[in-house]
Amino acid sequence: MKQTRFEAMHEAEWAEFEGWLTHRKKNTYTANNRTETFDSHDMPSRYRSICQHLAIARDRGYSLLLIDRLHGIVQQGHDELYRANSGISQRMYDYAIGGFATELRANLRWIMLSFALIAVPWIAMMIVIRIWPDFVFIVMPQDDVYSLDAMYSGEDTFNYGSSIFREADSNWMMFGFYIYNNISIAFRAFAGGILAGIGTVYSLVFNGIHLGAAEARLVNIGAGRNFYSFVSGHSAFEIGGLIIAGATGLKMGWSLIAPGRLTRLDSLRITGRSVLGLICGSGVMLFIAAMIEAFWSPHNFPFVLKISVGIFNLLLILAYFTFTGRRHAA
Numbered sequence: 037m038k039q040t041r042f043e044a045m046h047e048a049e050w051a052e053f054e055g056w057l058t059h060r061k062k063n064t065y066t067a068n069n070r071t072e073t074f075d076s077h078d079m080p081s082r083y084r085s086i087c088q089h090l091a092i093a094r095d096r097g098y099s100l101l102l103i104d105r106l107h108g109i110v111q112q113g114h115d116e117l118y119r120a121n122s123g124i125s126q127r128m129y130d131y132a133i134g135g136f137a138t139e140l141r142a143n144l145r146w147i148m149l150s151f152a153l154i155a156v157p158w159i160a161m162m163i164v165i166r167i168w169p170d171f172v173f174i175v176m177p178q179d180d181v182y183s184l185d186a187m188y189s190g191e192d193t194f195n196y197g198s199s200i201f202r203e204a205d206s207n208w209m210m211f212g213f214y215i216y217n218n219i220s221i222a223f224r225a226f227a228g229g230i231l232a233g234i235g236t237v238y239s240l241v242f243n244g245i246h247l248g249a250a251e252a253r254l255v256n257i258g259a260g261r262n263f264y265s266f267v268s269g270h271s272a273f274e275i276g277g278l279i280i281a282g283a284t285g286l287k288m289g290w291s292l293i294a295p296g297r298l299t300r301l302d303s304l305r306i307t308g309r310s311v312l313g314l315i316c317g318s319g320v321m322l323f324i325a326a327m328i329e330a331f332w333s334p335h336n337f338p339f340v341l342k343i344s345v346g347i348f349n350l351l352l353i354l355a356y357f358t359f360t361g362r363r364h365a366a
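Residues in the sequence shown are numbered from 37 upward in steps of one, following the working numbering.
Here it is as structure tokens:
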């Protein structure tokens with residue numbers, strides 16, 4: 037169905053809902069108000085209908101102007117339906133238990149593209165360096181390679197990330213460092229979108245290459261067990277947060293390449309606003325990753341336990357994004 041026909045079919049419904057929201061904002065909507073556009077009891081069903089319209093518009097690639105309008109209506113309707121005006125903490129809670137996962141699924145193609153831009157060079161570099169070990173020195177500076185070796189080699193090491201016996205204040209210091217490191221990497225992936233996505237693509241591919249090179253090098257020198265023991269707990273949150281940040285950058289980049297009937301500035305503004313929630317969610321995931329990396333990963337717990345925790349975290353994230361918010365969206 038063409039967009040013009042789609043708009044003609046539903047414009048009256050959207051206008052009525054917008055009118056109802058306007059009256060609610062002005063606190064002039066009462067049971068006896070003759071200016072009401074529909075009965076308040078119909079609000080949930082009308083809200084769900086417009087949610088479906090938004091999903092259809094996104095799926096069919098209708099204009100960003102229409103998608104932005106419907107997104108605004110849905111957001112205001114959500115705020116009214118779930119009493120988001122009770123405070124920012126309530127809105128954050130509502131987004132955490134439904135909105136974040138719903139928005140991620142709505143942007144799944146960008147998530148998958150971001151994932152591919154990390155995973156393909158990662159796997160390729162793993163294969164190349166496993167076959168030709170010295171290739172790692174082409175990808176990484178020699179000093180960095182030897183520093184990596186020293187961090188993860190040796191029977192008593194859990195020197196990686198510092199030591200398992202480090203003081204509590206050292207844990208907090210490393211926590212701050214990991215937050216800074218994680219957020220800075222994710223920010224580059226996101227902000228690279230303003231360069232038509234070129235910066236984002238570079239950031240994702242660069243990280244994929246270096247992650248694959250580091251992993252292959254450590255496996256080659258026999259330090260794979262130490263490496264996997266350290267990274268297993270936090271990697272799902274860290275890589276997941278980076279993938280989401282990359283997806284938002286790619287979407288912003290595409291809004292500049294194909295703005296449709298909008299100016300590039302308007303297209304970027306609308307897209308930037310639409311991915312704001314995903315960026316915040318990505319930041320939370322990276323915060324969790326930093327906390328695990330600082331306070332759990334360096335400890336010399338049994339290898340099986342640490343790998344099990346890592347698998348559990350991965351399954352937890354996948355379950356959250358797969359199932360959370362579906363009842364709300366329906």
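Glycine is no exception: its CB is placed at the ideal position from the N, C-alpha and C atoms. The structure presented is a predicted model; accordingly, all values stated were derived computationally and were not measured.
Let me see if you follow: with CB-CB separation under 8 Å, is residue i close to chain C or not?
i    : result
V340 : The structure shown contains no chain C; it is built from a single protein chain.
State the CB to CB distance for the pair residue i and residue j, rounded to an integer number of angstroms; the pair is presumed to be in contact (CB under 8 Å).
i    : j    : result
G317 : A227 : In fact, because the Cβ distance is near 17 Å, the residues do not count as touching under 8 Å.
E116 : L57  : 7 Å
H89  : H46  : 6 Å
G269 : S333 : 5 Å
M321 : G308 : The Cβ separation is near 20 Å, so there is no contact.
R253 : I165 : 6 Å
G272 : G346 : The sequence as given places Ala at residue 272; Gly does not occur at that position. Confirmed, about 7 Å.
L149 : A232 : So it is not a contact: roughly 15 Å between Cβ atoms.
S99  : G229 : Rounded, the Cβ-Cβ distance is 19 Å, inconsistent with contact.
G55  : G361 : Actually they do not touch by this definition, with Cβ atoms about 28 Å apart.
I86  : F53  : 6 Å
I103 : A93  : 5 Å
N207 : A330 : 5 Å
M162 : G248 : 5 Å
Can you have a look at residue i and say buried or exposed, based on whether 16 or more other CB atoms are within 10 angstroms of its CB?
i    : result
T438 : As shown, the chain starts at 37 and ends at 366. That puts residue 438 outside it, with no answer to give.
V172 : buried
G97  : exposed
R224 : buried
L352 : exposed
F348 : exposed
K61  : exposed
Y444 : Beyond the ends of the chain as shown, which are 37 and 366, falls residue 444; an answer cannot be given.
W146 : buried
K342 : buried
F201 : Low local confidence applies: a pLDDT of 42 at F201 is under 50, so the model's placement there is unreliable, with the coordinate-based value given in what follows. The residue in question, F201, is exposed, as its Cβ has fewer than 16 Cβ neighbours within 10 Å.
G319 : buried
A137 : buried
Q112 : buried
I109 : buried
D170 : exposed
Y182 : exposed
G212 : exposed
A355 : exposed
M176 : buried
D179 : exposed
L144 : exposed
D130 : buried
S239 : buried
F151 : buried
V237 : buried
S220 : exposed
Y51  : For clarity, residue 51 is Ala in the given sequence; the question names Tyr instead. When all chains shown are included, A51 counts as exposed.
A44  : exposed
F339 : exposed
A222 : buried
L314 : buried
M37  : exposed
L312 : exposed
S310 : buried
Is it the case that the stretch 251-259 contacts the stretch 289-307, given that we only count it when at least three CB pairs across the two stretches are under 8 Å? Fewer than three Cβ pairs drawn from the stretch 289-307 and the stretch 251-259 lie within less than 8 Å of each other, which leaves the two stretches out of contact.
Three or more C-beta pairs below 8 Å linking the stretch 270-284 and the stretch 325-340: yes
Contained alpha helix (DSSP H) runs [length at least 4] in the stretch 200-256, N- to C-terminal order: For the stretch 200-256, whole alpha helix (DSSP H) runs of length 4 or above, ordered along the chain, are 204-227, 234-256.
So, do the stretch 239-247 and the stretch 151-170 have three or more beta carbon pairs nearer to each other than 8 Å? yes
Please go through the stretch 259-297 and give each complete alpha helix (DSSP H) segment of 4 or more residues, from N-terminal end onward. 260-293
Ignoring anything shorter than 4 residues or poking outside the stretch 81-164, list the alpha helix (DSSP H) runs there in chain order. 100-117, 124-130, 136-142
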